[in-house]
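Heads up: the structure comes next, in structure tokens.
Protein chains in written order, with UniProt numbering: chain A, 1 to 258; chain B, 1 to 258; chain C, 1 to 258; chain D, 1 to 258.
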């Protein structure tokens, strides 16, 4: 395994596509969002690239007994009524600081191959508490990109995200800027405790406005409903066990829920 | 010391051998299993390769006052009545994420040198508690391999192993798939607290069925008996000291027991 | 992104300049000091270099909604009445041990390009408690440099800094010595708990004496005043809440204060 | 700074010298021992090499206000009545696993340059408690070396050192074996809590027998006396403060004592 191995799975002609990144992060908002688009636009999608790397965790995931080596997948989506898309999804980010740079450059290489010069990195911004309203906070890599996003309902706040944006999402903006990409990061507010389908929906509604496609949200809303049941039960248990320590559900617990 | 140094210790002609990996992991199941095969088939075995690497921990083990630099050993076994074997054993895994990829590729290189195209990675899957029945849970890198293993008694479970398979065992499946190997991981159930000879035996019984060799289990059963004595004593002490904190025996303690 | 990418932003002719380093460290003393010089001598300053690297944390900072990739900036300052300066500032240090060596060599390369052969690394030495008097402790990379600094009021103490000097400041002295630079590290005493503008002022007053420039300290003194208000409030709260645990303000809290 | 930079400080002709390593480790036994030999044989010693590396911690130590970049020093000692020596001393070991391999190979390169083919790695083996008798435990990289060491009073124990020998000392045996060196590790028993001059003396007395030089031990005995005063005071304080938590002195505290 070299530092990077990119499998060419298929070739698809796209017209000025937009790269949309949804790797795991806060509340898994970005991942949920991109996976939902893939689900809804399955008929127009094709897996085009798989990226393997020594920079990914050395492991395989198992699905129905069959292993799959850690990788990031890129799908080409020819959207009939809107912008063409390149969707970037996976279960893991790089495991070292330098690895994030290596992988982000690889993703930008692939984006250039397909003629993309715009990108959206999707993620979550943690509020630290359960919320009812889901704003979408933004960051861009050039100030000319601020206004169109504000028009689409994205909020730009002085103190958020605190500490900047870390990982692939941040580097897609930073390295993207050096390589001529117009890039924005859209972050749905989320508690940070749970996988959050409502936050993912808020982010997708902004994208719909910007990229002119339409999505059905039934399956995401179903998951949101399940999430609310879980939250309700947790709150009940908390009240019953005020003296006992209550662990916040871990990502592993939530994998079975969400 | 280069990234990899492979010592050619001997050359042996094998006929379509199967690589069997037994590096340390959960319950030391894989290591116990492979070391037992080596013990039982000593007359038919020859050490063929030693793999040294900067990726191994920088240390030597001491045996009767004499040092041995950390390495992985490969033995060629010409099994008269069954499949020829390449046995991979050692005391340590790589110490970095990238190191696991480097070492696994080296093991596959050696396997290809000897004409192998099939492999079994042996390990344990932790149950978190002491058990009486020892199922063997499986994962494969191609779905065509599911049925023969199911016929041999291997169980394929939806939620296990949780989080996939990490380390050399997982990468032997993942990188093996990219390099044309048919690979399976056999994981004996084990508490995860102890070196577990019974779990190793369960895994070996599956291998015997698949690879048509026969093993005597007397020495493994002896160790299992010693393990049960230890467990019995621990349970007694736990009952006596219910108010005191009871440390689970560490791997270091168990080195003297097992 | 290569190991190092140095953007040439502008070219400026300097006359035997002195490199002054102010990367984040104890009490952010060095950073505050260099940022203050940049503010005061803005009219004579020009950004000449930006250093990007895989060795920096993989993140972007956000300012008014627009991202900026982690980097170190070098400014050329043509000081009318004193020594020309090369100011080195940034928000992050390297994230690995080897990375510190790589980046420090890059900074020395740039210094050589501009004809510099002297440098000052600015930082803080923690006292562990709030103080009223601010001594400046020193270290040099050649003993011939001791006397001029002592004459300028720098103190050389046997046991300080305990454990030597770690990171870019230390390596500017160590690697600087091997590459022919006269280098000194000036460390203002500081509690270590807070961003400390008074400590930064103490260090700058020594530099003014050595490099013959003059600075106005109004804005630094304002920040020092704000810091004293904060300290006063914290001490009040401590007295009120003697039974409760009092967290020392973190760097993040202080970012909003200082 | 490259991965390795070796400064040639002087050239000295030695006759079949023995390399003796004393880098920091358990109880600083090896370092104390080698530094004592350097002190006692100062007239016959010359600094021949300094080894710098990105693998060392990125820091400088300060002595009388002047900085020194982290390095390992090699001294050539022409011992009139005994074997010639190459003494290896320093304040730090490598900071990564791979770094230990890189540095040990560099030390063996230098040893070969000077015609050495034998080496002793000096260290401590922790007993976990204060002791009165100081045995010297050994390990060798070839069994032919066992007898001469046993004759010199070295003990070879089955279970010690538990877990093998980690770091440069272990690799000098392991890599030394692959490169044709006869190597032994001599480890003085020590509590592991303190810098231990008595343990260093025990190790040196074995070396004296093996290498036919003679040392005066007055300064080491003085330090041992100081250490006993410190231990006495600590034991008094422990008795007085049975209810209070007593921190074991850290290496930093001991730097001022020892």
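Backbone N, C-alpha and C define an ideal beta-carbon position, used for all residues, glycine too.
Around the C-beta of residue i, are 16 or more other C-beta atoms found within 10 angstroms, so that it is buried, or is it exposed?
{"i": "residue 2/C", "result": "exposed"}
{"i": "residue 13/D", "result": "exposed"}
{"i": "residue 140/C", "result": "buried"}
{"i": "residue 260/D", "result": "This structure cannot settle anything about residue 260/D, because the visible part of chain D is limited to 1 through 258."}
{"i": "residue 31/A", "result": "buried"}
{"i": "residue 116/A", "result": "buried"}
{"i": "residue 129/C", "result": "exposed"}
{"i": "residue 177/C", "result": "buried"}
{"i": "residue 133/D", "result": "exposed"}
{"i": "residue 40/A", "result": "buried"}
{"i": "residue 188/B", "result": "buried"}
In the DSSP output, which residue or residues are listed as bridge partners for residue i?
{"i": "residue 45/B", "result": "77/B"}
{"i": "residue 190/C", "result": "126/C"}
{"i": "residue 121/B", "result": "21/B, 185/B"}
{"i": "residue 165/A", "result": "60/C"}
{"i": "residue 52/C", "result": "5/C"}
{"i": "residue 90/B", "result": "72/B"}
{"i": "residue 85/A", "result": "18/A, 77/A"}
{"i": "residue 155/A", "result": "137/A"}
In the DSSP assignment, find the alpha helix (DSSP H) that holds residue i and state where it starts and stops.
{"i": "residue 99/C", "result": "97–113"}
{"i": "residue 68/A", "result": "Element bounds for residue 68/A: not the alpha helix (DSSP H) but the beta strand (DSSP E), 66–69."}
{"i": "residue 202/D", "result": "197–211"}
{"i": "residue 222/A", "result": "218–240"}
On the DSSP letters alone, give me the boundaries of the beta strand (DSSP E) that residue i sits inside.
{"i": "residue 4/C", "result": "4–8"}
{"i": "residue 136/A", "result": "136–140"}
{"i": "residue 38/D", "result": "First-last for residue 38/D: 29–40, but that is the alpha helix (DSSP H), not the beta strand (DSSP E)."}
Measuring alpha carbon to alpha carbon, tell me which of the options ends up nearest residue i.
{"i": "residue 122/B", "options": "109/B, 167/B, 157/B", "result": "167/B"}
{"i": "residue 42/A", "options": "86/A, 16/A, 56/A, 57/A", "result": "86/A"}
{"i": "residue 15/D", "options": "69/D, 165/D, 78/D, 22/D", "result": "78/D"}
{"i": "residue 55/A", "options": "106/A, 31/A, 65/A", "result": "106/A"}
{"i": "residue 276/D", "options": "204/D, 110/D, 74/D", "result": "The requested residue 276/D does not occur in the structure, where chain D is confined to residues 1 to 258."}
{"i": "residue 193/D", "options": "165/D, 97/D, 228/D", "result": "228/D"}
{"i": "residue 210/B", "options": "84/B, 143/B, 112/B, 63/B", "result": "84/B"}
{"i": "residue 51/A", "options": "37/A, 18/A, 99/A, 239/A", "result": "99/A"}
{"i": "residue 269/C", "options": "236/C, 241/C, 197/C", "result": "Missing from the structure shown is residue 269/C; chain C here goes from 1 to 258 and no further."}
{"i": "residue 17/B", "options": "64/B, 72/B, 242/B, 108/B", "result": "108/B"}
{"i": "residue 36/D", "options": "218/D, 237/D, 238/D, 240/D", "result": "218/D"}
{"i": "residue 147/D", "options": "236/B, 64/B, 39/B", "result": "64/B"}
Do residue i and residue j have their C-beta atoms within less than 8 Å of each other?
{"i": "residue 10/B", "j": "residue 47/B", "result": "yes"}
{"i": "residue 190/C", "j": "residue 34/C", "result": "no"}
{"i": "residue 199/B", "j": "residue 90/B", "result": "no"}
{"i": "residue 20/D", "j": "residue 88/D", "result": "yes"}
{"i": "residue 57/A", "j": "residue 97/B", "result": "yes"}
{"i": "residue 81/C", "j": "residue 181/C", "result": "no"}
{"i": "residue 49/B", "j": "residue 102/B", "result": "no"}
{"i": "residue 186/D", "j": "residue 201/D", "result": "no"}
{"i": "residue 204/D", "j": "residue 119/D", "result": "no"}
{"i": "residue 155/D", "j": "residue 125/D", "result": "no"}
{"i": "residue 138/C", "j": "residue 183/C", "result": "no"}
{"i": "residue 53/A", "j": "residue 75/A", "result": "no"}
{"i": "residue 66/C", "j": "residue 143/A", "result": "yes"}
{"i": "residue 60/A", "j": "residue 22/B", "result": "no"}
{"i": "residue 206/C", "j": "residue 152/C", "result": "yes"}
{"i": "residue 164/A", "j": "residue 62/C", "result": "yes"}
{"i": "residue 69/B", "j": "residue 175/D", "result": "yes"}
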